[in-house]
Amino acid sequence: MNTSNPEQAYVMARRVARIKLIASLLLRYGLVVAIGWIGAMKATHYEALGIQPLIAHSPLLSWGYRIWSVDHFTMIVGAAELVMVALLAIRPWFPRASAAGSLGAICMFLTTLSFIITTPGWEPSLGGFPALSGGVGEFLIKDFVLLGASFWTLADSLQAAYSLPVDIRSNV
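Under this note's numbering, residues 2 to 173 are what the sequence shown spells out, in order.
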C-alpha cells in the first residue's frame, strides 16, 4: 500500500493502532492467564511434586524446603504468583501497582530461567548442552518470552503511571 496519500496513511495508521491495542491486551492478559493458571496449579500436590526437583536444585529457592513442606512451600510460591496476577490485571486503574506486579513477574521468570542452569536437564543422547531435555529445558524455555512480556508490561505500566509519551520519537 502506498502511504504517500494522506488518506491512505490515516487508514493504515488506524489499522496499526487497532492491532497494537489488541496485541497489548493479549500480551498483558495472556500473561495474567498464564501466571494465574500456573499459580493456581501450585495448590495441587501434583504440581508440588512436579516442580520439586527444580526448587530443590535452585540456590535461590531450595531454602524453602528447610522451613516448609514441599506442598506448603509450593502453595506459598503459588500465592505470590496470584498476587502478581492481580497486580498485573489492575493496570487500567492502578498502573503503579501493576508496575510492581511486572517487577515481581520479571524476578520470577529470571528465577525460573536459572533452573535451566541449576537443574540437571541437558539431553545426554544429543550431546548435552545446549540440547534441552523434555523434562526441564523444554518446560522452561517459554519463560524467555514470558520474561519479555513482563518487561513490556512494566514499561506500559510505568508509561501510564507517569503519563509518559507513547513514542519518544514523537517528541524529537
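Each residue gets a CB set at the ideal place from its N, CA and C atoms; glycine is no exception. On a predicted model such as this, the values are computed, not experimentally measured, just so you know.
Quiz prompt | Short CB-CB distance (under 7 Å) between residue 36 and chain B | solution = The structure shown contains no chain B; it is built from a single protein chain.
Quiz prompt | Residue interval of the alpha helix (DSSP H) (run including residue 162) | solution = Walking along the sequence shown from the start, residue 162 turns up at place 161. Residue 162 -> alpha helix (DSSP H) spans 144-162.
Self-check item: Per-residue DSSP class, three states only, for residue 173
Solution: As a position in the sequence shown, residue 173 is number 172, starting the count at 1. With a pLDDT of 42 at residue 173, under the threshold of 50, the modelled position of that residue is not reliable, and no figure is offered here.
Quiz item: Are the Cβ atoms of residue 141 and residue 116 separated by less than 7 Å?
Solution: The sequence position of residue 141 within the sequence shown is 140, counting from 1. The sequence position of residue 116 within the sequence shown is 115, counting from 1. In contact: residue 141 and residue 116 (Cβ atoms closer than 7 Å).
Quiz item: Over what stretch of residues does the alpha helix (DSSP H) that includes residue 86 continue unbroken?
Solution: What you label residue 86 is simply residue 85 of the sequence shown in a count that begins at 1. Start and end: 71-90.
Self-check item: Within 7 Å, strictly: CB atoms of residue 85 and residue 52
Solution: Residue numbering aside, residue 85 sits at position 84 when the sequence shown is read from its first letter. Residue numbering aside, residue 52 sits at position 51 when the sequence shown is read from its first letter. The answer is no: Cβ separation not under 7 Å.
Quiz prompt | Closest by C-alpha distance to residue 110, when choosing among 44, 50, 40 and 14 | solution = In the sequence shown, residue 110 corresponds to position 109, counting from 1. When only C-alpha atoms are compared, the closest one is 40.
Quiz item: Taking the alpha-carbon positions, what's the residue 76 to residue 11 distance?
Solution: As a working note, residue 76 is residue 75 in the sequence shown. As a working note, residue 11 is residue 10 in the sequence shown. Their Cα atoms are separated by approximately 51 Å.
Self-check item: Host alpha helix (DSSP H) of residue 104 (start-end)
Solution: What you label residue 104 is simply residue 103 of the sequence shown in a count that begins at 1. 96-119 is the extent of the alpha helix (DSSP H) around residue 104.
Quiz item: Within the chosen definition, does the segment 143-161 reach the segment 84-104 through at least 3 CB pairs nearer than 8 Å?
Solution: yes
Quiz item: Hey, how far is the Cα of residue 160 from the Cα of residue 113?
Solution: On the sequence shown, residue 160 is found 159 positions in, with the first residue counted as 1. On the sequence shown, residue 113 is found 112 positions in, with the first residue counted as 1. Between residue 160 and residue 113, the C-alpha separation is close to 27 Å.
Quiz item: Among 164, 163 and 29, which has the Cα closest to the Cα of residue 90?
Solution: Sequence index remark: in the sequence shown, residue 90 carries index 89 (1-based). Ranking the options by Cα distance to residue 90, first place goes to 29.
Exercise. Classify residue 137 as buried or exposed, calling it buried when 16 or more other Cβ atoms lie within 10 Å of its own Cβ.
Key: For the purposes of this step, residue 137 is identified with residue 136 of the sequence shown, where counting begins at 1. Buried.
Quiz item: Once you ignore the five residues that flank residue 98 on each side, which residues in its own chain have a CB closer than 7 Å to its CB?
Solution: For the purposes of this step, residue 98 is identified with residue 97 of the sequence shown, where counting begins at 1. Excluding positions up to five away in sequence, the list reads 88 and 91.
Practice problem: Could you pull out every residue in the same chain whose Cβ sits closer than 8 Å to the Cβ of residue 63, ignoring the five residues on either side in sequence? | Solution: For the purposes of this step, residue 63 is taken as the residue at position 62 of the sequence shown. Taken in chain order, the residues that qualify are 56 and 57.
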